[in-house]
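**Student:** Quick note: the sequence shown uses my numbering, first residue 10, plus one each step.
By construction, the Cβ of each residue, glycine as well, lies at the ideal position given by its N, Cα and C atoms.
Mind looking over this structure? Questions follow.
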Amino acid sequence: MSGHDDFVFRDLFNHSFDAQWVLSADMHIEHANAAAVSLTGYEVEELVGQPLSLLLPPKIAKSHDTYVAHYHKHGETQGVLGRPRRFEILARDGSLIPIQLKAFRLGGADDKRRFGATMVDLRAQVLLEKEQLQTMAQLKRLALIDPLTELWNRRAFDDALDRQCALISRHHSAAALAMIDIDHFKQVNDTYGHAAGDRVLQQLAAHLKKIVRKEDMCARLGGEEFGILMPACDLRSAAIVIERALQRVATDRFDLDDGRTVSISFSAGIAAIETDAVADALVEHADAAMYQAKKNGRARVEMWVPETGAASASA
């Protein structure tokens with residue numbers, strides 16, 4: 010290579026946007042460009058003569074040392090050269106910087122074995138990837154949340170019920186499903202308006218979240234209908250929880266935006282989730298018990314009794 014060519018390549022090396030390295034056969038740093046200095050926080054004088062492992066976290070440094078030892082013993086690069094790899098390097102200030110490394114063999118007039126390496130700073134890319142993952146997680150969550158009440162929606166509830174049925178079949182544990190429907194909700198909308206109805210739904214949702222157990226899943230299934238999935242809970246225990254919720258709601262006053270208040274109640278049906286239970290059938294049974302509660306005077310809780318195929322009062 011002519012002196013002019015040597016000058017051109019040196020200029021390219023020094024002005025590259027990415028960190029460029031020239032490494033000896035034993036992976037000590039011989040040259041580093043300005044981008045390498047900017048990336049790592051070390052001055053050139055601090056880098057030259059140091060092993061590349063200076064920039065590697067302990068876990069990566071260990072595998073790097075193993076690779077170097079293998080190379081010196083067998084003269085093989087184990088497929089590392091030319092293959093981009095992503096990992097983190099250790100900067101001078103102790104921070105970890107995500108990079109992509111691509112190593113390659115260099116020739117030399119002095120017949121020395123050298124390696125070149127390019128490090129691409131991935132901080133901006135990793136930040137973007139993190140933001141994209143957060144956005145995707147948020148969108149996924151929004152797809153499963155009822156926007157009015159901020160409870161889980163029907164889709165999330167159905168998925169959870171399917172999983173609970175499968176879990177019961179495997180482990181033969183107890184669980185229960187409760188379906189809740191506000192009594193005379195149409196009258197609330199007709200008398201006070203739909204905005205007032207929305208306020209009632211929001212406040213009932215808040216009541217239910219406070220009253221049910223932390224392991225229970227509470228969802229708005231549509232309109233004035235709510236569902237509660239209660240794992241590790243038998244039918245009688247579930248009825249006690251829902252009865253407590255009903256008593257709390259029935260004795261409270263729900264605030265409307267115009268300063269007025271309204272009282273409500275709900276009817277509820279509960280079905281036990283047993284081995285080999287089918288989600289659709291469970292919903293039908295809990296719904297049937299809930300409609301029986303309405304027929305029996307509303308503001309009450311009924312349980313589905315599998316033996317009779319009918320509902321029975323919880324108390």
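I'd like to know if the stretch 182-194 and the stretch 131-144 are in contact, where contact means that at least 3 CB-CB pairs between them fall below 8 Å.
**Tutor:** Short answer: they don't touch.
**Student:** Please list, in chain order, all residues of the same chain as Asp285 whose beta carbon is under 7 Å from its beta carbon, the five residues on each side excluded.
**Tutor:** The residues are Ser178.
**Student:** If you draw a straight line from the C-alpha of Asp35 to the C-alpha of Pro60, how long is it?
**Tutor:** Going by the C-alpha atoms only, they are around 8 Å apart.
**Student:** Starting from Leu244 and walking both ways along the alpha helix (DSSP H), at which residues does that stretch end?
**Tutor:** Taken as a continuous stretch (DSSP letters only), the alpha helix (DSSP H) holding Leu244 covers Leu244 to Thr260.
**Student:** Identify whether Asp190 lies in helix, strand or coil by the three-state DSSP scheme.
**Tutor:** Asp190 falls in the strand class under three-state DSSP.
**Student:** Restricting to runs no shorter than 4 residues, where is the alpha helix (DSSP H) found entirely within the stretch 101-136?
**Tutor:** Here no run is fully enclosed.
**Student:** Going by the CB atoms, is the gap between Val221 and Phe263 shorter than 9 Å?
**Tutor:** Contact flag unset, no.
**Student:** Could you give the C-beta distance for Asn162 and Ala228, rounded to a whole number, given that I count them as a contact under 8 Å?
**Tutor:** Right, the Cβ-Cβ distance comes to about 6 Å (below 8 Å), so this counts as a contact.
**Student:** Which residues does DSSP pair with Cys227 in a beta bridge?
**Tutor:** Ile237, per the DSSP bridge assignment.
**Student:** Only counting the same chain, and skipping five residues up and downstream in sequence, which positions put a Cβ closer than 8 Å to that of Gly232?
**Tutor:** Closer than 8 Å at the Cβ level, and outside the excluded window around Gly232, lie Phe194.
**Student:** Taking the runs of the alpha helix (DSSP H) that are 4 residues or longer, which of them lie wholly in the stretch 270-323?
**Tutor:** The stretch 270-323 contains these whole alpha helix (DSSP H) runs: 288-304.
**Student:** Rounded to whole angstroms, how far is the Cβ of Glu252 from the Cβ of Val310, which I believe are closer than 8 Å?
**Tutor:** Yes, they are in contact, since the Cβ atoms of Glu252 and Val310 sit about 5 Å apart, within 8 Å.
**Student:** Reducing DSSP to helix, strand and coil, say where Ala204 ends up.
**Tutor:** The answer is helix: DSSP assigns Ala204 an H, G or I state.
**Student:** Verify whether the separation of the beta carbon atoms of Glu39 and Ser47 is less than 9 Å.
**Tutor:** Taking 9 Å as the Cβ cut-off, Glu39 and Ser47 do not qualify as a contacting pair.
**Student:** For Ala152, does the three-state DSSP call read helix, strand or coil?
**Tutor:** Looking at Ala152 - three-state DSSP - the assignment turns out to be coil, as it is neither helix nor strand.
**Student:** Taking buried to mean at least 16 other C-beta atoms within 10 Å of its own C-beta, is Gln147 buried or exposed?
**Tutor:** Counting Cβ neighbours within 10 Å, Gln147 comes out exposed, since fewer than 16 surround it.
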